[in-house]
Structures are given as structure tokens and as C-alpha cells.
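Beneath this line is the structure, given in C-alpha cells, with notes to follow.
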Amino acid sequence: MSSKTVSLDDEIRLLIKTGKVIIGAKRAVRALKIGKAKGVVIADKIPPWIEGDVLYYAKLGGVKVIRYGKTSYELGTTCGKPFPISTIAILDPGESRLLEEGE
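Residue numbers (this note's numbering): 275 to 377.
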């Protein structure tokens, strides 16, 4: 299980480094609404209204949802940011394999 978590952390770091992302729940939901997001990463233990909006618009658009499984503070740290991140919209996965089937 821990190797999967480490793998996810590594993939998110690679995504931030090589891909195009939108950080933040409001901006991510906007990207989902207009169909720009190809995938979305959500942290654990985020406010229910954020999670509900993200899941609703992702389902409408047929967008893959990746559950991070750790808190927004840990997701922020993984992204190299000094603040919590609840949601990341993936516009371009870059070299990461997050949007590939089977991940």
C-alpha cells in the first residue's frame, strides 16, 4: 500500500513539473464546468461542498477523479507549496501517468 502512495506522490510531483494544472477548488470547478480539465486530484478530509461540486462536475464531464488519500496540507507539500491544496485540475498530464488506465 505504501508503494502505491509513494508512487502517487511521485506522479503528482511529475505532473506539477511537466504538465499543466490549475490549483484550487474554485478554479478547478470552473475548469471542469467549461470542459478544460482532463482529470482532477482531490485531497482527503476537504469540506463536503468542495468535494460534492468537484465530483458532480467531474461526473457530468466524464473526467477521471483521483483521490489523493491524504490531507490538503500533505497535497500542498507534495506540490511544493507552503499552503494546503484541496483540488488540482489536470489540463495536461505532461510526463505523468495519472490519467492512464489502471493507475
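All C-beta atoms, glycine included, are put in the ideal place defined by N, C-alpha and C.
Residue 371 - DSSP class collapsed to helix/strand/coil: coil
Residue 334: buried (16+ other C-beta within 10 angstroms of its C-beta) or exposed? exposed
Whose C-beta lies closer than 8 Å to the C-beta of residue 314 among residues of the same chain, with five residues either side of it excluded? 302, 306, 328, 332, 337, 338, 339, 340, 361, 362, 363, 364
If we ignore side chains and look at the alpha-carbon of each, how far apart do residue 298 and residue 359 end up? 6 Å
Where the alpha helix (DSSP H) through residue 326 begins and ends: 322–335
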